[in-house]
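> Got a structure for you, written out below as C-alpha cells; questions coming shortly.
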Amino acid sequence: MSTTAELLKGAAELFPDEVVTSAHVRHLDLPFGAGKFALITLDNGFDHTKPTTFGPGSLANLNAAIDQVEKEAAEGAIVGVGVTGKPFIFAVGADLKGVEILKQHEDALAIGKSGHEVFKRLAALAVPTFAYYNGAAMGGGVEVGLHCSYRTVSKAIPAFSLPEVFLGLVPGWGGCALLPNLIGAERAVSVIIENSLNQNRQLKGKQVFELGIADAIFEGADFLEQSLIWTANVLKGDVTVERPEIDRGEAWDQAVAKGRFIADSKVHGAAPAAYRALDIIEAAKDGDLQAGFDAEDKALADLIMGGELRSGIYAFNLVQKRAKRPAGAPDKSLARPVTKVGVVGAGLMASQLALLFLRRLEVPVVLTDIDQERVDKGVGYVHAEIDKLLAKSRINQDKANRLKGLVSGVLDKAEGFSDADFIIEAVFEEIGVKQQVFAEVEAVAPAHAILATNTSSLSVSEMASKLKHPERVVGFHFFNPVAILPLLEIVRGEQTDDASLATAFGVARKLKKTAVLVKDAPAFVVNRILTRFMGEIQNVIDEGTPVEVAEKAVEPLGLPMSPLVLLELVGPAIGLHVSETLNRSFPERFTVSPNLAAVVKAGKRGFYVYSAENNFKPELDPEVAALLKQGDVVLTEEQTRDRVLDAVAQEIGLMLEEGVVAEAQDIDLCLITGAGWPFHLGGITPYLDREGVSERVNGKKFLAQGVASVPA
C-alpha cells in the first residue's frame, strides 16, 4: 500500500459523512487517428445543485483512477489522459464540512499532503494530461487542472476561482506555486488575492482563457467534443500551445508588493491568509514547485487550526445555509400572492425599491408622492436604470419595454393602491409622518394588502397603533445601496399576524434578499450595533483622543471602511437622528455627540476632505477641526479599541437577552450581509469570543466551542 493511500485511509476515518466523488475512467478513440485516450469524469452522483467536492474518499477514488491510467500509459496503451466533470460542474474544491471537524495539526497537514500527492501524479504520468473545465471550478477543482499539461475551458462557465483567501485559507493543493509559474505573478496575485478579497469575485470562461489559465476555449453546447478534437490536434503536433515567457525579475516582486498593498487595504494585517499566500507566491519565483507544495501544506495546516478559517467557514455557512432558512419565519404556505406593488414616496430610496420590486417580481409597481414633479422624477429614475441594463446587454429590448410598461406614478393613492397586494413606504423618518401615511394608505388599500415600512430605527408597533388593522403592518428594512447589500431586516410588530409575516418573507425570497426576523426593538440589529460602535468612537473623540487615533484603533478589525468614512456614506444627519432615537430608548448607553450635532448643523457631509495632492486619501476637514470641542482625556489605540469592543459586546449581549433575534448567528448574518462586516471575522461574535472580550464583558462566550472555532 502506498503512503498516499495510507494518508487517505486515515483521513477518511475523520470524515464519516463525506459526499464521495467517483472518478470514472472510460476509453475512447480520439479523432484523426490520434490514438486511444483515457477520460476521467469526476461525479458525486448528484445533479448540479450538489457540486462535486474533494474529501479523502474522493481523493482516494481519483488516486485509484490514476493507478489505472498510470499503468496503461506506462504500457503504451493510451496516448493521453483527460479530466472533466459532470454536467455544469467540474469540481468546487475541498469538502469544507470535513475541515470543520479537524482537531489536530497533523490531521490538517495530512489533508494538504494527500491532495498534493494525488494531484502531482497527473503531472508525472508518462503521457500528456488535459483538464477540461466544463463547468464551475473552484479551489481544488481549479488546482487539479493546474497539474495537467494542458487545459480547455467552456465559454459557458459562470464561476471559476481560487476563493481560499476569502475563507481564511490559501490555495493549498498547488494553486500558490503553480499559478504564478503558469501565468505570471501579477495575474496570479489578481486571481488568488485581489478577486478573493473583493467578495470572492468569480471569473467567467472567457476571462480564464484570456488570463492564460486555459489554452483553448470552446462553446458550452459541444464543449467536450471540441476539446477532444483539439486534444487530438495537440497530440498529433498539428496544434502547438505557446505560452508567454514568465518574468521572474522585478515584475514578480512588484506583483507581490501590490498583493500586500491590496491585503493591507482590505484586512489591515488582521487576517493571516492573504499574507501566507503571498509568501508562497514570492518564494515560487525560482520555480521550485516541491518547495512551494511543502509551504502550502504548512500554511494550510496552520490556518485550518486557526480562528480565521473557522470564522470564514462559519460565515460561509451562515450566508449559504442559515440565510435560506430564516429562524422564526412562519410556514411558507401562509404567504399570500403579490401581483401588484405600491411604493409611497418617489425619492432616491423609494425609486431604488421600485426598481428592485420591478426587476425581481415583474409585476406592476406604482409610485406616489406629494407632487407630480417628484412622481415623474421617481419613474424617470427607474426608466433610466432600465436603459442602463439594456445598454450593458443585461436585458433585451423586449424586456426593457415590458419593465417600463409595468412602472407608473400617480398622485392619488386611491387610484394607485386600490388593487395593490404589497405597499411599502419610504418617506421621511419621523413617526408622525409615517403614521399619517399609513392611515391614508389603509383607507384605500384592499383588506388583504400588506403595509410595509422601510424604517431604519422607529417602532413598527407604534407606527401601526392607530390603524384599524395593525396586524398587516410589517417592518421591511433595506440597506443602502439596495441593489448591492443583501440584508433585509423583517420586523414583527406586536400585532403583526403570521400571514402578513409569511408574505413578507415570501417577497424577500423573490427579491433574492437575505431575510432575518427581528423583534420590534429600537434600530433593530445593524443600526443598533453600528450606532453603539460609532457612538463609542465619537465619545472617545469628544473626550479628547485625536480623530486619527480613534480611527486607527479599529483597523485590526479589517472593516471595509473606517468609522468616520462610513458616517460620511450614511450621512451625518442620519447618524445623528439614529443616535437621538436610541438615546431616547437607552440614554445610559447611547449618547448624542455635541460635536456630531455641530457637524450636521454646519451642513458638512462628513469629517474629511479629499484632494488630488493627497491621492484622495481622507484628511480631517479644517472647518470640522475648528468645530470640534474636545476634553483632555487622551486614549491610546489599544485603550480605544477595548472601549469600543466592550461596548459592542455589551450591546449584543443585551440584544440577545431581549430576544431581538433568535441567536448570535443572526447578529453575525446581519452584520455580514447588511454592513459588509468581514467574512474572515465570521461577523462579530466569533471575533469577540476569540479576543476574550465576550467573557470580559458578559462572563461567557456568545458561541459554543466548535462553532467558528476549533472543536474541543
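Residue numbering for the sequence shown follows this note's numbering, beginning at 293 and increasing consecutively. From the three backbone atoms N, C-alpha and C, an ideal C-beta is built for every residue, glycine too.
Name the one or two DSSP bridge partners that Gly-374 has.
Answer is Leu-331 and Phe-422.
> Assuming Ser-700 is part of the beta strand (DSSP E), what are its boundary residues?
699-702
> Below 8 Å on the Cβ atoms is my contact criterion, and I expect Thr-376 with Asn-336 to pass it. Report the Cβ-Cβ distance as a whole number of Å.
Between Asn-336 and Thr-376 the Cβ distance is about 14 Å, and since that is not below 8 Å, they are no contact.
> Where DSSP assigns a beta bridge to Asp-321, which residues make up the other side?
Lys-328
> Which residues in the same chain as Lys-395 place their Cβ atom closer than 7 Å to its Cβ, once the five residues preceding and following it in sequence are excluded?
Same-chain partners within the cutoff: Val-1002 and Pro-1003.
> Taking the CB atoms as reference points, tell me whether Val-658 and Val-630 lie closer together than 9 Å.
It is not a contact, given that the beta carbons lie outside the stated cut-off.
> Using a 10 Å radius around the Cβ and a threshold of 16 neighbouring Cβ atoms, would you call Ala-941 buried or exposed?
buried
> Any idea what DSSP makes of Lys-896, helix, strand or coil?
Coil at Lys-896, not helix or strand.
> Grouping DSSP H, G and I as helix and E and B as strand, with all else coil, what is Ser-294?
At Ser-294 the pLDDT is 49, less than 50, meaning the model places this residue with poor confidence; the figure from the coordinates comes in the next sentence. Coil at Ser-294, not helix or strand.
> State yes or no: is the C-beta of Thr-883 within less than 9 Å of the C-beta of Gln-922?
no
> Let me confirm a value: Ser-294 is counted as buried when at least 16 other C-beta atoms fall within 10 Å, else exposed. Which label applies?
Residue confidence is low: Ser-294 scores 49 on pLDDT, short of 50, so the model does not pin down where it sits. Its coordinate-derived value is still stated next. With fewer than 16 other Cβ atoms within 10 Å, it is exposed.
> Relative to the C-alpha of Leu-961, which candidate in Val-916, Ile-821, Arg-935 and Asp-938 has its C-alpha closest?
Ranking Val-916, Ile-821, Arg-935 and Asp-938 by Cα distance to Leu-961 puts Ile-821 first.
> Are Ala-543 and Thr-444 touching if we call contact CB-CB under 9 Å?
no
> What separation, rounded to the nearest whole angstrom, lies between the Cα atoms of Lys-412 and Phe-452?
In a straight line, the C-alpha of Lys-412 is about 21 Å away from that of Phe-452.
> Where does Thr-745 sit, in a helix, a strand or coil, going by DSSP?
strand
> Applying the 10 Å Cβ sphere with the 16-neighbour rule, what's the burial state of His-769?
buried
> Based on the DSSP output, what are the partners of Met-430 in its beta bridges?
Ser-453
> Helix, strand or coil: how does DSSP classify Val-445 here?
strand
> Leaving aside the five residues before and after Arg-540 along the sequence, list all residues of the same chain whose C-beta is less than 6 Å from its C-beta, in chain order.
Lys-577
> Tell me whether the beta-carbon of Val-869 lies closer than 9 Å to the beta-carbon of Ser-749.
It is His, not Val, that sits at residue 869 in the sequence shown. Yes, these two residues count as a Cβ contact at 9 Å.
> How many angstroms separate the CA atom of Ile-723 from the CA atom of Ala-796?
22 Å
> Looking at Val-799 and Leu-927, is the spacing between their C-beta atoms short of 9 Å?
no
> Could you name the residues of the same chain whose beta carbon sits closer than 7 Å to that of Asp-913, not counting the 5 residues immediately before and after it, in chain order?
Lys-896, Phe-899, Tyr-900 and Val-901
> Rounding to the nearest angstrom, what Cα-Cα distance links Lys-624 and Pro-536 in this structure?
Lys-624 and Pro-536 have their C-alpha atoms spaced approximately 56 Å apart.
> On the three-state DSSP scale, how would you describe Thr-523?
helix
> If you check the beta carbons only, do Leu-759 and Ile-782 fall under 9 Å apart?
no
> Taking the straight line between their C-alpha atoms, what separation do you get for Leu-858 and Val-633?
Cα-Cα distance, rounded: 32 Å.
> Which partner residues of Lys-811 appear in the DSSP bridge assignment?
Arg-784
> My output table needs one value for Phe-878: the three-state DSSP class, helix, strand or coil.
coil
> Between Ala-967 and Phe-771, is the Cβ-Cβ spacing less than 9 Å?
Cβ atoms of Ala-967 and Phe-771: closer than 9 Å.
> Who are the Cβ neighbours of Ser-885 in its own chain at under 6 Å, not counting the five residues just before and after it?
Gln-830 and Asp-834
> Quick check for students: name the residue ranges of the beta strand (DSSP E) that lie wholly in the stretch 504-590, counting only runs of 3 or more.
508-510
> Would you call the stretch 605-623 and the stretch 569-584 touching, i.e. three or more CB-CB distances under 8 Å?
These segments do not touch.
> Would DSSP call Phe-411 helix, strand or coil?
DSSP places Phe-411 within a helical segment (H, G or I) once states are collapsed to three.
> Between Pro-864, Val-636 and Ala-756, which lies nearest to Ala-712 when the distance is taken from Cα to Cα?
For Ala-712, the nearest C-alpha among the options comes from Val-636.
> Between Leu-471 and Val-462, is the Cβ-Cβ spacing less than 9 Å?
no
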